[in-house]
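**Q**
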Amino acid sequence: MYVIEIQQTGGPEVLRLVERPRPELTGPDDLLVRVYAAGVNPIDTKIRQRGPMLPAGLPAVLGCDGAGVIEAVGEGVTRFKPGDAVWFCHGGLGGPAGNYAEYRVIDQQFVQAKPRTLGMVEAAAAPLVLLTAWEALHDRARIAAGQRVLIHAGAGGVGHVAIQLARLAGARVCTTVSGPEKAALAHELGAEFCINYRDEDLVEAVMDWTEGQGVDIALDTVGPEVFRRTIPAVAHYGDLVTLLDPGPELNLKEARLRNLRLSLELMLTPMLRDLPRARLHQGWILQRCGDLIDRGELRVHVFRTFALAEAAESHRLLERGAVMGKLVLDLDPSR
Numbered sequence: 001m002y003v004i005e006i007q008q009t010g011g012p013e014v015l016r017l018v019e020r021p022r023p024e025l026t027g028p029d030d031l032l033v034r035v036y037a038a039g040v041n042p043i044d045t046k047i048r049q050r051g052p053m054l055p056a057g058l059p060a061v062l063g064c065d066g067a068g069v070i071e072a073v074g075e076g077v078t079r080f081k082p083g084d085a086v087w088f089c090h091g092g093l094g095g096p097a098g099n100y101a102e103y104r105v106i107d108q109q110f111v112q113a114k115p116r117t118l119g120m121v122e123a124a125a126a127p128l129v130l131l132t133a134w135e136a137l138h139d140r141a142r143i144a145a146g147q148r149v150l151i152h153a154g155a156g157g158v159g160h161v162a163i164q165l166a167r168l169a170g171a172r173v174c175t176t177v178s179g180p181e182k183a184a185l186a187h188e189l190g191a192e193f194c195i196n197y198r199d200e201d202l203v204e205a206v207m208d209w210t211e212g213q214g215v216d217i218a219l220d221t222v223g224p225e226v227f228r229r230t231i232p233a234v235a236h237y238g239d240l241v242t243l244l245d246p247g248p249e250l251n252l253k254e255a256r257l258r259n260l261r262l263s264l265e266l267m268l269t270p271m272l273r274d275l276p277r278a279r280l281h282q283g284w285i286l287q288r289c290g291d292l293i294d295r296g297e298l299r300v301h302v303f304r305t306f307a308l309a310e311a312a313e314s315h316r317l318l319e320r321g322a323v324m325g326k327l328v329l330d331l332d333p334s335r
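In terms of my numbering, the sequence shown opens at residue 1 and continues consecutively.
Here it is, written out as structure tokens:
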């Protein structure tokens, strides 16, 4: 089979198309999945640049998100059978178990049935961003109907599904964007108010929208500087959730005066720390989101697809910051 492998850290050029033996079932709960599509996420580019997050190390196959069809099952598998279509977020953090590959073996506990209304490309784009947005809004911030929510980078991978999940929870949403095309997508997905962060003052715009109160919840998907600038835009006793390390030099005086609840969200923790109960919860989240997708209440926006051999180009495009929604590697053997 063909995989995209990194043997050293560096730029996109270290992503190499190589041939490797097809993996075999080794445990009773294993599934052999023919991967039809693999999502491309910022974590992939960070591991490529900085190195694996797990002891398995290099060489490594990237890709946390995948969707495909089961070709074989272990003797203990009860939830699936050959021919079933599945989606999952597992692997890609070190060693050979990633989804930039034509085949992979994965334990049945990490897999869910693919939503029936989603194609393979859309299914592969979805798991990591859905899990991240759901955990940030529901588990960290405890979102409730009637709240006002600020979601940064609303046309991005996490941002565009976070807008929809917040609206489905009954919240009103504003978001930051960099231009009219991204604003149009954010409005289409349910954002009530868009702030062009290049031309407008974030705090002033939020205060105008909230009649001077600030937002009840803010979700930072960008990083330390945005986290810092968002603090005065959050209402007293509100929630500020960030997906990234806010950095060592952070003045939290204003956050303390506002009695903000500050939360960190990393959906990779159950993989990194081997937390079975947390993995079960994430499985429930995927099932819940799958139901919303099949009812037409939630969708994933795929910006562009690439062949497996074009993985380096997908990383270059993602790192340029021009993507709306998600990028996907299309491995469909019929194409």
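Think of the CB as a built atom: it goes at the ideal place given N, C-alpha and C, for glycine as much as any other residue. Keep in mind that this is a model prediction, so the values were computed, not measured.
Would residue 262 and residue 240 qualify as a contact pair, given that the criterion is a beta-carbon distance under 8 Å?
**A** What you label residue 262 is simply residue 262 of the sequence shown in a count that begins at 1. What you label residue 240 is simply residue 240 of the sequence shown in a count that begins at 1. Yes. Within cutoff.
**Q** For the beta strand (DSSP E) that residue 305 lies in, which residues bound it at each end?
**A** Counting from one through the sequence shown, the residue named residue 305 turns up at place 305. 302-307 is the extent of the beta strand (DSSP E) around residue 305.
**Q** Whole angstroms is fine: what's the gap from residue 105's alpha carbon to residue 173's?
**A** Residue 105 sits at position 105 when you count from the first residue of the sequence shown. Residue 173 sits at position 173 when you count from the first residue of the sequence shown. Near 40 Å, if we compare the C-alpha coordinates of residue 173 and residue 105.
**Q** I'd like the ranges of any beta strand (DSSP E) spanning at least 3 consecutive residues and lying wholly in the region 68-151.
**A** The region 68-151 contains these whole beta strand (DSSP E) runs: 85-89, 103-107, 111-113 and 148-151.
**Q** Taking Cβ positions, are residue 265 and residue 243 nearer each other than 8 Å?
**A** Within the sequence shown, the letter at position 265 stands for residue 265. Within the sequence shown, the letter at position 243 stands for residue 243. Closer than 8 Å, so yes.
**Q** Cβ atoms of residue 69 and residue 81: under 8 Å apart, would you say?
**A** Here the question's residue 81 lines up with position 81 in the sequence shown. Here the question's residue 69 lines up with position 69 in the sequence shown. Not a contact, by the Cβ cut-off of 8 Å.
**Q** Taking Cβ positions, are residue 108 and residue 29 nearer each other than 8 Å?
**A** Sequence index remark: in the sequence shown, residue 108 carries index 108 (1-based). Sequence index remark: in the sequence shown, residue 29 carries index 29 (1-based). Yes, they are a contact pair.
**Q** Quick check: what's the CA-CA separation for residue 133 versus residue 158?
**A** The sequence position of residue 133 within the sequence shown is 133, counting from 1. The sequence position of residue 158 within the sequence shown is 158, counting from 1. Their Cα atoms are separated by approximately 6 Å.
**Q** Residue 86 and residue 305 look like a contact to me (Cβ under 8 Å); what is the Cβ gap, rounded to whole Å?
**A** Counting from one through the sequence shown, the residue named residue 86 turns up at place 86. Counting from one through the sequence shown, the residue named residue 305 turns up at place 305. With a Cβ gap of about 19 Å, residue 86 and residue 305 do not count as contacting.
**Q** When DSSP labels each residue in this structure, what does residue 250 get in the three-state scheme?
**A** On the sequence shown, residue 250 is found 250 positions in, with the first residue counted as 1. Coil at residue 250, not helix or strand.
**Q** Check whether the region 185-195 touches the region 214-223, counting contact only when three or more Cβ pairs, one atom from each stretch, lie closer than 8 Å.
**A** The answer is no - the region 214-223 does not touch the region 185-195, with fewer than three Cβ pairs under 8 Å.
**Q** If you draw a straight line from the C-alpha of residue 323 to the C-alpha of residue 46, how long is it?
**A** The residue you call residue 323 lines up with position 323 of the sequence shown. The residue you call residue 46 lines up with position 46 of the sequence shown. Roughly 17 Å between the two C-alpha positions.
**Q** Residue 200 bridges to which residues according to DSSP?
**A** Residue numbering aside, residue 200 sits at position 200 when the sequence shown is read from its first letter. Paired residue(s): none; residue 200 is not in a bridge.
**Q** DSSP three-state label for residue 263, please.
**A** Start at 1 with the first residue of the sequence shown, and residue 263 comes out as number 263. Of the three classes helix, strand and coil, the one that applies to residue 263 here is strand, per DSSP.
**Q** Cα separation between residue 21 and residue 77?
**A** Residue mapping note: residue 21 aligns to position 21 of the sequence shown, counting from 1. Residue mapping note: residue 77 aligns to position 77 of the sequence shown, counting from 1. Approximately 23 Å, taken between the alpha carbons.
**Q** Classify residue 102 as buried or exposed, calling it buried when 16 or more other Cβ atoms lie within 10 Å of its own Cβ.
**A** Position 102 of the sequence shown, counting from 1, holds the residue named residue 102. By the neighbour-count rule (16 or more Cβ atoms within 10 Å), residue 102 is buried.
**Q** Determine, using beta carbons only, whether residue 260 and residue 229 come nearer to each other than 8 Å.
**A** Taking the sequence shown and counting its residues from 1, the one referred to as residue 260 is at position 260. Taking the sequence shown and counting its residues from 1, the one referred to as residue 229 is at position 229. Cβ distance not < 8 Å, so residue 260 and residue 229 don't count as in contact.
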